[in-house]
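Asker: From first to last, the protein sequence lines are chains A and B. Going by full-length UniProt numbering, 122 is the number at position 122 of the first sequence; the sequence numbering is gapless. Going by full-length UniProt numbering, 125 is the number at position 125 of the second sequence; the sequence numbering is gapless. In this text, a Cβ means the ideal position worked out from N, Cα and C, and glycines have one as well. Have a look at the structure that comes next, please.
There are 2 protein chains.
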Amino acid sequence: MCGALSADELLALSAHTRLVNHESGDELAGEKMPAESYATVIRGVVKLTKTLEDGRQQIVGLQFAPDLLGRLNANENAVSVEAASDVNLCRIPKAALERMVKSNPALAERLMSQTLRELDEARDWMVTLGRKTAAEKVASFLLLIATHLDPEAVGEKRKFDLPLSRADIADFLGLTIETVSRQMSKLKADGVISIVANRHIEVPKLSKLKACCGS
Amino acid sequence: MCGALSADELLALSAHTRLVNHESGDELAGEKMPAESYATVIRGVVKLTKTLEDGRQQIVGLQFAPDLLGRLNANENAVSVEAASDVNLCRIPKAALERMVKSNPALAERLMSQTLRELDEARDWMVTLGRKTAAEKVASFLLLIATHLDPEAVGEKRKFDLPLSRADIADFLGLTIETVSRQMSKLKADGVISIVANRHIEVPKLSKLKACCGS
DNA sequence: CGCAGGCTTGAGTCCATTCAAGTACAGTGG
DNA sequence: CCACTGTACTTGAATGGACTCAAGCCTGCG
Chain A
1 MCGALSADEL LALSAHTRLV NHESGDELAG EKMPAESYAT VIRGVVKLTK
51 TLEDGRQQIV GLQFAPDLLG RLNANENAVS VEAASDVNLC RIPKAALERM
101 VKSNPALAER LMSQTLRELD EARDWMVTLG RKTAAEKVAS FLLLIATHLD
151 PEAVGEKRKF DLPLSRADIA DFLGLTIETV SRQMSKLKAD GVISIVANRH
201 IEVPKLSKLK ACCGS
Chain B
1 MCGALSADEL LALSAHTRLV NHESGDELAG EKMPAESYAT VIRGVVKLTK
51 TLEDGRQQIV GLQFAPDLLG RLNANENAVS VEAASDVNLC RIPKAALERM
101 VKSNPALAER LMSQTLRELD EARDWMVTLG RKTAAEKVAS FLLLIATHLD
151 PEAVGEKRKF DLPLSRADIA DFLGLTIETV SRQMSKLKAD GVISIVANRH
201 IEVPKLSKLK ACCGS
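Quick look at the structure:
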């Protein structure tokens, strides 16, 4: 985001911001709670969730660095915001950011394009939630993480640590934790991935994983 | 959208726009096709769909009047756009709208808030797709239509015509057409709705329908 | 060592799907 | 007016994939 600011603006902004750390599981903002400030993700993964009355939960978005957290001009959160891993955030007071957006069209445009990207991701995910099988869902999730955590990687091989627990993956995919576990085991048995440790995954051939995604 | 424009701007705009009609089923723009123009919905319902290689389809958005169709500054459609009912559109050339957005911050802000609303709707729908039962999905869909088609209605009673076929409803909910039909029959048997004609639905008590939505 | 939390595996159940008829209705042509 | 046709929708029976419930397995930690 800061790429859209001049040196002067960056200086002015830095007077208001504050670096904060949170550990995995910390609730950063609650559903239907007042929105007090914005924040950019510096390191780690933040999950956006929605919960039904009876406790069923769905992750509706994941935010990686350098995404901005917080909905522009809203007074209330539509989602609950929670640290999925240990995270570093850079908090920005609500008024300060909104003032800057008003006076800086380039910044406004940058936020618009982040919002459009989030909308695209949400719609891609709707296809996964509505129309894919459990096996395809899990493969799609692994592919998403593989491409997000190391977008620059070349070749067919990938190694990464999952930033989410099995329970979070299940909430993301609209599955149960048991089904996620079974499908991971099946991908391993089929030679598509190796599970080095619970969280550490290796993908020998990315195209093979892609072939399991159904699209 | 036009509410953000001055009289002069409206006049300048009207030189470029063209009213067009399409009937139900017409494809307005294809997935991965170049985006040539924007359009606002004047009447009717437009569906945004995504399709997997093997033909499985998911509706990822519905647009009612007065939504703007077309993604700002994109050269390619991420979704396929199709008339779900007979529709009237007001087409605006790509360059003309983009020029106006640049020079009119109020218009840019209006588009930003439509995009944020679409994002909210997409996220609400992800919960429905991922975590609700078939019965809750169908009830949620009926509630969505009831509130969208007549947002001003007061009291507990609602009557409306479904703008979507059973097949479209199934694609929207991530279900099969048979399951949609069965759940509609069940809602009817439970006295939550009456099916006056295939498409014409009456809801005697909106709160009773809400209670079937799971949230 | 014992314990707790996260994860995996197994067995049985249930809900949505698949496959297959059957119904309702609008449009068409005799 | 009535048969004929096609489309949209409904209903039934059987199947299967994901869920539920229940154990069991690792691994880190006190």
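Of the residues B:S140, B:S194, B:T176, B:E98, which one's Cα is nearest the Cα of K210 of chain B?
Answerer: Minimum Cα distance to K210 of chain B is reached at B:S140.
Asker: Can you tell me whether DSSP reads P105 of chain A as helix, strand or coil?
Answerer: Three-state result, P105 of chain A: helix.
Asker: Taking only three categories from DSSP, how would you classify R117 of chain B?
Answerer: In the structure shown, R117 of chain B sits in a helix (DSSP, three-state: H, G or I).
Asker: According to DSSP, is F172 of chain A helix, strand or coil?
Answerer: Helix, per DSSP.
Asker: Please list the partners that D120 of chain A has in chain B, where partner means a Cβ-to-Cβ separation under 7 angstroms.
Answerer: In chain order: A78.
Asker: Skipping 5 residues on each side, what residues in its chain have a beta carbon closer than 7 angstroms to that of K208 of chain B?
Answerer: Result list for K208 of chain B: V192, in chain order.
Asker: Between R117 of chain A and chain B, is any beta-carbon pair separated by less than 8 angstroms?
Answerer: It does not: the Cβ of R117 of chain A has no partner Cβ on chain B nearer than 8 angstroms.
Asker: Hey, how far is the Cα of R131 of chain A from the Cα of E178 of chain B?
Answerer: Going by the C-alpha atoms only, they are around 16 angstroms apart.
Asker: Please classify V79 of chain A: does DSSP put it in a helix, a strand, or coil?
Answerer: The answer is coil: DSSP assigns V79 of chain A none of H, G, I, E or B.
Asker: Report the rounded CA-to-CA distance for P93 of chain B versus V87 of chain A, giving the unit in angstroms.
Answerer: Distance between the alpha carbons of P93 of chain B and V87 of chain A is about 44 angstroms.
Asker: For E202 of chain B, report the span of its beta strand (DSSP E) as first-last.
Answerer: Where E202 of chain B is concerned, the enclosing beta strand (DSSP E) stretches over 200-203.
Asker: Which bits of chain B does G61 of chain A rub up against, with CB to CB less than 8 angstroms?
Answerer: Ordered by position in chain B, the residues that pass the 8 angstroms Cβ test against G61 of chain A are R123.
Asker: Would you say S215 of chain B faces chain A, with C-beta separation under 8 angstroms as the test?
Answerer: With 8 angstroms as the cut-off, S215 of chain B counts as an interface residue toward chain A.
Asker: According to DSSP, is T133 of chain B helix, strand or coil?
Answerer: Coil.
Asker: Counting only beta-carbon atoms, is R71 of chain A nearer than 8 angstroms to chain B?
Answerer: Yes, because at least one Cβ of chain B sits closer than 8 angstroms to the Cβ of R71 of chain A.
Asker: Using CA atoms only, rank isn't needed, just tell me which of B:K159, B:V180, B:G44 is closest to L68 of chain B.
Answerer: Cα-wise, what sits closest to L68 of chain B is B:G44.
Asker: Which of helix, strand or coil does DSSP assign to D161 of chain A?
Answerer: Strand.
Asker: Quick one: what's got a C-beta closer than 6 angstroms to D26 of chain A's C-beta in the same chain, skipping five residues either side?
Answerer: Here the set comprises A83.
Asker: Count the other C-beta atoms from every protein chain shown that fall within 10 angstroms of the C-beta of residue 227 of chain B, then say buried if there are 16 or more, exposed otherwise.
Answerer: A question about residue 227 of chain B goes unanswered here, because the residues of chain B that appear run from 1 up to 215.
Asker: Mark K199 of chain A as exposed unless 16 or more other C-beta atoms lie within 10 angstroms of its C-beta, in which case mark it buried.
Answerer: Here the sequence assigns Arg to residue 199 of chain A, which means Lys is not the residue at that position. Exposed: under 16 other Cβ atoms inside 10 Å.
Asker: Whole angstroms are fine: how far does the CA of L116 of chain B sit from the CA of C212 of chain B?
Answerer: Rounded to the nearest angstrom, the two C-alpha atoms are 27 angstroms apart.
Asker: Taking the DSSP output, what are the residues bridged to E178 of chain B?
Answerer: Note: E178 of chain B sits in no beta bridge, so no partner.
Asker: Do the region 57-73 of chain B and the region 111-127 of chain B touch if we need at least three Cβ pairs shorter than 8 angstroms?
Answerer: Yes: the two stretches touch, three or more of their Cβ pairs being nearer than 8 angstroms.
Asker: Quick check on this structure: which residue in A:Q114, A:D190, A:A96 has the alpha carbon closest to the alpha carbon of P204 of chain A?
Answerer: Considering only alpha carbons, the answer is A:D190.
Asker: According to DSSP, which residues form a beta bridge with S37 of chain A?
Answerer: BP columns for S37 of chain A point to A:P93.
Asker: Measuring only between beta-carbons, confirm whether M112 of chain B sits less than 8 angstroms from chain A.
Answerer: Yes, M112 of chain B lies at the interface with chain A (some Cβ there is under 8 angstroms from its Cβ).
Asker: Would you mind giving the Cβ-Cβ distance between E109 of chain A and N73 of chain A, rounded to the nearest angstrom? I have them listed as a contact below 8 angstroms.
Answerer: About 16 angstroms; that fails the 8 angstroms criterion.
Asker: Could you say which of B:T51, B:Y38, B:E31 lies nearest to V127 of chain A if we only look at CA atoms?
Answerer: Cα-wise, what sits closest to V127 of chain A is B:T51.
Asker: Check for me: the alpha helix (DSSP H) holding K50 of chain A runs from which residue to which?
Answerer: That residue, K50 of chain A, is in no alpha helix (DSSP H); its beta strand (DSSP E) goes 46-51.
Asker: How about C90 of chain A and L164 of chain A: are their beta carbons less than 8 angstroms apart?
Answerer: Contact flag unset, no.
Asker: Look at the alpha carbon of T133 of chain A and the alpha carbon of L173 of chain A, and state the distance between them as a whole number of angstroms.
Answerer: Cα-Cα distance, rounded: 10 angstroms.
Asker: Which term fits E136 of chain A, buried or exposed, when burial requires 16 or more other beta carbons within 10 angstroms of its beta carbon?
Answerer: That one is buried.
Asker: Classify S194 of chain B: buried if its beta carbon has 16 or more other beta carbons within 10 angstroms, exposed otherwise.
Answerer: It is exposed - the Cβ of S194 of chain B has fewer than 16 other Cβ atoms within 10 Å.
Asker: Quick check on the burial criterion: 16 or more other C-beta atoms within 10 angstroms. Buried or exposed for L155 of chain A?
Answerer: As written in the sequence, residue 155 of chain A is Gly, which differs from the Leu given in the question. With fewer than 16 other Cβ atoms within 10 Å, it is exposed.
Asker: Tell me the DSSP secondary structure of V60 of chain B in three-state form.
Answerer: V60 of chain B: strand per DSSP, three-state reduction.
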